[in-house]
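Enquirer: Its first residue numbered 745, the sequence shown is counted upward by one per residue in the numbering used here.
Cβ atoms here follow ideal geometry from the backbone N, Cα and C, with glycine treated the same way.
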Amino acid sequence: MSLNIPNLERNKPLAPFTTYKIGGLSDFFVEVHTIDALIHALFEVRRNAMPFFLLGCGANILITDKGFRGLVVRNAANKVTFSECEKVVAESGAIVADIIGQCCSRGLSGFEHFVGIPSTVGGAMWQNLHFLSPDRKQTVFIESIVQTSRILTEEGRCRTVGVDYFQFDYDTSILQKRKDIVLDVTFQLSAKQKEEIRAIMDANMAWRNARQPQLEEYPSCGSVFKKIKDVGAGRLIEQAGLKGTCIGGAEVSKKHANFIVNKGKATAHDVLQLIQYVQTEVKRKLGYDLETEITVVGEL
Ligand SMILES: Cc1cc2nc3c(=O)[nH]c(=O)nc-3n(C[C@H](O)[C@H](O)[C@H](O)COP(=O)(O)OP(=O)(O)OC[C@H]3O[C@@H](n4cnc5c(N)ncnc54)[C@H](O)[C@@H]3O)c2cc1C
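1. Is any non-hydrogen atom of ligand 1 found closer than 6 Å to the C-beta of residue 883, if you look at the structure I gave you?
2. Could you tell me if the beta carbon of residue 804 falls within a distance shorter than 6 Å of some heavy atom in ligand 1?
3. Considering residue 874, what are the terminal residues of the beta strand (DSSP E) in which it resides?
4. Give the secondary structure of residue 842 by DSSP, where H, G and I count as helix, E and B as strand, and everything else as coil.
5. Can you have a look at residue 1044 and say buried or exposed, based on whether 16 or more other CB atoms are within 10 angstroms of its CB?
6. What is the DSSP secondary structure of residue 880, reduced to helix, strand or coil?
7. Take residue 1014 and list the residues in its own chain whose beta-carbon comes closer than 7 Å to its own, dropping the five residues that flank it on each side.
8. Reducing DSSP to helix, strand and coil, say where residue 1018 ends up.
9. So residue 928 and residue 903 are supposed to be a Cβ contact under 8 Å. How far apart are they, rounded?
10. Could you spell out the range, first to last residue, of the beta strand (DSSP E) harbouring residue 973?
11. As a quick exercise: from 909, 796 and 948, pick the residue whose alpha carbon is nearest that of residue 860.
12. Count the other CB atoms within 10 Å of the CB of residue 751; is the residue buried (16 or more) or exposed (fewer)?
13. Return the CA-CA distance between residue 796 and residue 980, expressed in angstroms with no decimal places.
14. When you compare only the Cα positions, how much space is there between residue 964 and residue 779?
15. So, residue 767 versus residue 807, is the Cβ gap smaller than 7 Å?
16. Output yes or no for whether 7 Å exceeds the beta carbon distance between residue 931 and residue 832.
17. Restricting to Cα atoms, I'd like to know which of 925, 815, 765 and 1017 is closest to residue 788.
18. Relative to the C-alpha of residue 951, which candidate in 837, 1003, 874 and 878 has its C-alpha closest?
19. Go through its chain and collect everything with a Cβ distance to residue 989's Cβ below 6 Å, but skip five positions before and after it.
20. Less than 6 Å separating the Cβ of residue 772 from some heavy atom of ligand 1?
21. Can you pull the DSSP bridge partners for residue 766?
22. At which residues does the beta strand (DSSP E) containing residue 855 begin and terminate?
23. Measure how close the beta-carbons of residue 1022 and residue 986 come, nearest whole angstrom, since I'm counting them as under 8 Å.
24. Please work out which residues of its chain come closer than 8 Å, Cβ to Cβ, to residue 803, disregarding the five sequence neighbours upstream and downstream, and give them in chain order.
25. Could you give the distance in angstroms between the alpha-carbon of residue 1009 and the alpha-carbon of residue 1016?
26. With respect to 6 Å, is the separation between the Cβ of residue 836 and the closest non-hydrogen atom of ligand 1 below this value?
27. What are the partner residues of residue 895, as DSSP defines its beta bridges?
28. Any heavy atom of ligand 1 within a distance shorter than 6 Å of the CB on residue 932?
29. Is the distance from the Cβ of residue 770 to the Cβ of residue 811 below 7 Å?
30. Scan the stretch 927-971 and note each continuous alpha helix (DSSP H) run of 4 residues or more that stays entirely inside, going in chain order.
31. Using DSSP with H/G/I as helix, E/B as strand and the rest coil, what is residue 750?
32. Which first and last residues belong to the beta strand (DSSP E) in which residue 994 is found?
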């Protein structure tokens, strides 16, 4: 094995790179700051036939206690370029919150719906980032502003693809079936008064703060279980009387039943046990099968 990657680190603790603050060590780790460095790292793992995981904000994953046997590439390639015709090209490691701030100050609308959600552009594409529309009657998906994207295909080719390529749906995209990597995305935005954009952002933040546990106090990875149409996973968990249930340091949030939070010293094992317990109890009491939305990464 010879990974020829600058600034390669060994035995790197992964917990600090996740919103859960949970997880073991990665055998190898590198943080890349440019798309060229990202492509180079991916070619090196391919040359060495080594398992790899591409990490964004770590906001939709649970890293196991034993950690990851292979290379974790943390994507910090975050250049964002605004051009004419209300377009923005963002590298896949760009943080959505940073783009929202820049869009708001330029009077560009499209991203503001996703305020308060920890995500890189790559992570957002992976699961079709979404939030409720301002009237709370529909869901707004990131796919609605995606125009084209440069990807590195599973086969190792750089290609520019249109939005249809991604086969976006609720919580899913083609990236969950093929090992393509998003390099950058061109978004089509529209002009709007800054005050209107700011009003949507403020309303969304207020909505979140009233209903969801604060990440700084209660580390989590957001909703754990997939939405069940017309019922809602959180509502089922609440109906089953599971709010506040704890295993080790993991707790079904008292504020939002679809969040399992880290009370401070939770292990991945605690979270996984609690997930299983919730699934069993909801099935037993209410007859529904809850499916997880988060990805478990690493050795079990
Ligand atoms: C408090 C909280 C609230 C949340 N609220 C919401 C919400 O309202 N709506 C919502 O949709 N989500 C929500 N989430 C979930 C999470 O924020 C999103 O799923 C987000 O898009 C994850 O992005 P990430 O950069 O953290 O991806 P990561 O968790 O780092 O990675 C997720 C997956 O994406 C893959 N990936 C990352 N970058 C790329 C790339 N460049 N190319 C290909 N694959 C890539 C990874 O390999 C991994 O498989 C919430 C999470 C938290 C913690």
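Expert: Concretely, from the data shown:
1. Counting from one through the sequence shown, the residue named residue 883 turns up at place 139. No - ligand 1 has no heavy atom lying nearer than 6 Å to the Cβ of residue 883.
2. Translated into positions along the sequence shown, residue 804 becomes position 60. Yes, Cβ of residue 804 sits closer than 6 Å to a heavy atom of ligand 1.
3. Within the sequence shown, residue 874 is the residue found at index 130, counting from 1. That run of the beta strand (DSSP E) goes 874-876.
4. In the sequence shown, counting from the first residue as 1, residue 842 sits at position 98. Here residue 842 sits in helix by DSSP.
5. Counting from one through the sequence shown, the residue named residue 1044 turns up at place 300. Burial call: exposed.
6. Translated into the one-based positions of the sequence shown, residue 880 becomes position 136. Coil, per DSSP.
7. On the sequence shown, residue 1014 is found 270 positions in, with the first residue counted as 1. 991, 992, 993 and 994, listed in sequence order.
8. If you number the sequence shown from 1, residue 1018 lands on position 274. Note: residue 1018 maps to helix in three-state DSSP.
9. For the purposes of this step, residue 928 is taken as the residue at position 184 of the sequence shown. For the purposes of this step, residue 903 is taken as the residue at position 159 of the sequence shown. Wrong, their Cβ atoms sit about 12 Å apart, outside the cutoff.
10. By 1-based counting over the sequence shown, the position of residue 973 is 229. Looking at the DSSP string, residue 973 is not in any beta strand (DSSP E), and its letter there is neither H nor E.
11. Start at 1 with the first residue of the sequence shown, and residue 860 comes out as number 116. The candidate whose alpha carbon is nearest that of residue 860 is 948.
12. One-based indexing of the sequence shown puts residue 751 at position 7. Residue 751 comes out exposed.
13. Numbered from 1 along the sequence shown, position 52 holds the residue referred to as residue 796. Numbered from 1 along the sequence shown, position 236 holds the residue referred to as residue 980. Spanning the two alpha carbons is a distance of roughly 36 Å.
14. Residue mapping note: residue 964 aligns to position 220 of the sequence shown, counting from 1. Residue mapping note: residue 779 aligns to position 35 of the sequence shown, counting from 1. Computed Cα separation, rounded: 29 Å.
15. Taking the sequence shown and counting its residues from 1, the one referred to as residue 767 is at position 23. Taking the sequence shown and counting its residues from 1, the one referred to as residue 807 is at position 63. Contact flag set, yes.
16. For the purposes of this step, residue 931 is taken as residue 187 along the sequence shown, with counting starting at 1. For the purposes of this step, residue 832 is taken as residue 88 along the sequence shown, with counting starting at 1. Yes, these two residues count as a Cβ contact at 7 Å.
17. As a position in the sequence shown, residue 788 is number 44, starting the count at 1. Selected option, being the one with the closest Cα: 815.
18. In the sequence shown, the residue the question calls residue 951 occupies position 207. The residue with the shortest Cα to Cα distance from residue 951 is 878.
19. Reading the sequence shown from its first residue, position 245 is the one you call residue 989. 996.
20. Mapped onto the sequence shown, residue 772 falls at position 28. False, no ligand heavy atom lies under 6 Å from that Cβ.
21. To locate residue 766, count along the sequence shown from 1; it is residue 22. Paired residue(s): none; residue 766 is not in a bridge.
22. Locating residue 855 in the sequence shown gives position 111, counting from the first residue. Counting along the chain, residue 855 falls outside any beta strand (DSSP E), and DSSP gives it neither H nor E.
23. Counted from its first residue, the sequence shown places residue 1022 at position 278. Counted from its first residue, the sequence shown places residue 986 at position 242. With a Cβ gap of about 6 Å, residue 1022 and residue 986 count as contacting.
24. Along the sequence shown, read from residue 1 onward, the residue named residue 803 stands at position 59. Same-chain partners within the cutoff: 762, 763, 861, 862, 863, 867, 965 and 966.
25. Within the sequence shown, residue 1009 is the residue found at index 265, counting from 1. Within the sequence shown, residue 1016 is the residue found at index 272, counting from 1. If you take the alpha carbons of residue 1009 and residue 1016, they lie about 14 Å apart.
26. Taking the sequence shown and counting its residues from 1, the one referred to as residue 836 is at position 92. Flag set: Cβ of residue 836 near ligand 1.
27. Residue 895 sits at position 151 when you count from the first residue of the sequence shown. In the DSSP output, where bridge partners are listed per residue, residue 895 has 903 and 926.
28. The residue labelled residue 932 in the question sits at position 188 within the sequence shown. No - ligand 1 has no heavy atom lying nearer than 6 Å to the Cβ of residue 932.
29. Translated into the one-based positions of the sequence shown, residue 770 becomes position 26. Translated into the one-based positions of the sequence shown, residue 811 becomes position 67. In this structure, residue 811 lies closer than 7 Å to residue 770 by Cβ.
30. 938-955
31. One-based indexing of the sequence shown puts residue 750 at position 6. Reduced to three states, the DSSP call for residue 750 is coil.
32. Taking the first residue of the sequence shown as position 1, residue 994 is located at position 250. Where residue 994 is concerned, the enclosing beta strand (DSSP E) stretches over 994-996.
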